[in-house]
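The sequence shown begins at 2 in the numbering used here and counts up by one. To keep things clear, I will list the structure first and then write my remarks on it.
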Amino acid sequence: MKKFTLSLGLAIALFASCKEQTKNAENETVAVSETEETQPQEEWTILFDGSNLDNWHVYNGAEPTQWKIEDEALVFTPAEKRDGTENLVTDSTYTSFVLSLDWKISEGGNSGILWGVQEDPKFNEPYYTGAEIQVLDDERHPDAKAGTTHRSGALYDMIAAPEGVVKSAGEWNTYEITIDHNTNKGSVVMNGQEVVTFPVSGEEWDAMVAKSKFADWEAFAKVKTGKIALQDHGNQVSYRNIKIKQL
2 MKKFTLSLGL AIALFASCKE QTKNAENETV AVSETEETQP QEEWTILFDG
52 SNLDNWHVYN GAEPTQWKIE DEALVFTPAE KRDGTENLVT DSTYTSFVLS
102 LDWKISEGGN SGILWGVQED PKFNEPYYTG AEIQVLDDER HPDAKAGTTH
152 RSGALYDMIA APEGVVKSAG EWNTYEITID HNTNKGSVVM NGQEVVTFPV
202 SGEEWDAMVA KSKFADWEAF AKVKTGKIAL QDHGNQVSYR NIKIKQL
């Protein structure tokens with residue numbers, strides 16, 4: 002009888018202990034869930050909303066003169082008489098991000114979106130330091146005939162983009178460009194379809210550069226953090242709904 006009483010007491014103690022551990026575990030789960038819910042989600046920052054150019058300036062310069070706001074779009078129209086180019090760059094620098102925007106190119110037009118751009122008087126163009134995602138009239142511009150790595154959506158001169166995804170000149174296209182140094186992955190989604198993926202640093206990136214026109218460019222894509230540029234390639238181009246999310 003004494004032995005039975007001892008065993009019963011032990012069983013009750015074990016049951017109580019297990020119940021307490023379960024309760025603690027449930028409390029911890031609730032606490033974790035509440036923490037996750039209260040943590041701020043990654044948010045988009047508006048770079049251009051159709052009303053002003055507060056987040057932009059001319060590369061190595063000051064106020065833009067050939068970029069105008071028309072119908073809530075940022076439109077570049079080259080001046081008839083001009084000295085040099087007027088590329089536009091962000092005021093802020095970025096490392097890992099998702100950039101979303103719409104673009105529309107004129108007939109026979111050429112432009113581009115660059116990242117990792119360094120401003121320095123010794124570089125008179127953003128493409129000396131920043132890599133480019135191509136913006137092009139694939140039907141008419143001769144650059145599209147120069148190779149598949151020159152089409153719209155391509156990582157310029159390095160990774161080709163497929164045909165048939167870009168819309169005709171004069172129509173709006175959408176890009177979502179991801180540059181993520183945390184995962185060493187870049188990608189371009191054009192009009193809802195992923196068209197290009199690529200590493201953004203390391204041996205694979207270096208190998209791509211070595212096979213491109215940029216192989217001997219000492220400053221090309223050497224720095225992870227830089228500005229984003231909208232290229233003046235001498236043709237009219239429009240951009241709108243520009244926003245960025247840092248990763």
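We treat Cβ as the ideally placed atom computed from N, Cα and C, and that holds for glycine. Just so you know, these numbers come straight off a predicted model, no measurement behind them.
* Ser112: buried (16+ other C-beta within 10 angstroms of its C-beta) or exposed? -> Classification of Ser112: buried, given that the 10 Å Cβ count is 16 or more.
* Environment of Asn125 [buried if 16+ CB atoms lie within 10 Å] -> Asn125 should be labelled exposed.
* Asked: Can you check whether the CB of Ala74 is closer than 7 Å to the CB of Ser239?
  -> yes
* Who are the near neighbours of Gly235 in its chain, counting only those whose CB is closer than 7 Å to its CB and skipping five residues on each side? -> If the five residues before and after Gly235 are omitted, its C-beta is found closer than 7 Å to the C-beta atoms of Pro79, all from its own chain and listed in chain order.
* **Assumed close pair Leu301, Ile180 - CB separation to whole angstroms, cut-off 8 Å** => One cannot answer for residue 301 here, as it falls past the ends of the chain, which runs 2 to 248.
* Output the distance between the C-alpha atoms of Ala162 and Ser52, rounded to the nearest integer angstrom. => 32 Å
* C-beta atoms of Ser97 and His151 nearer than 7 Å -> no
* To do: Just confirm the distance between the C-beta atoms of Pro143 and Ala230, as a whole number of angstroms; I'd bet it's less than 8 Å.
  => By a beta-carbon distance limit of 8 Å, Pro143 does not contact Ala230. Their separation comes to about 23 Å.
* Asked: In terms of alpha-carbon separation, which member of Phe77, Asn185, Val190 lies closest to Ser107?
  -> Phe77
* Own chain partners of Met209 with C-beta closer than 6 Å, once the 5 adjacent residues on each side are dropped -> Sequence-distant Cβ neighbours of Met209 in its own chain, meaning closer than 6 Å and more than five residues away, are Met159.
* To do: Identify every residue that forms a DSSP beta bridge with Lys69.
  => Val76
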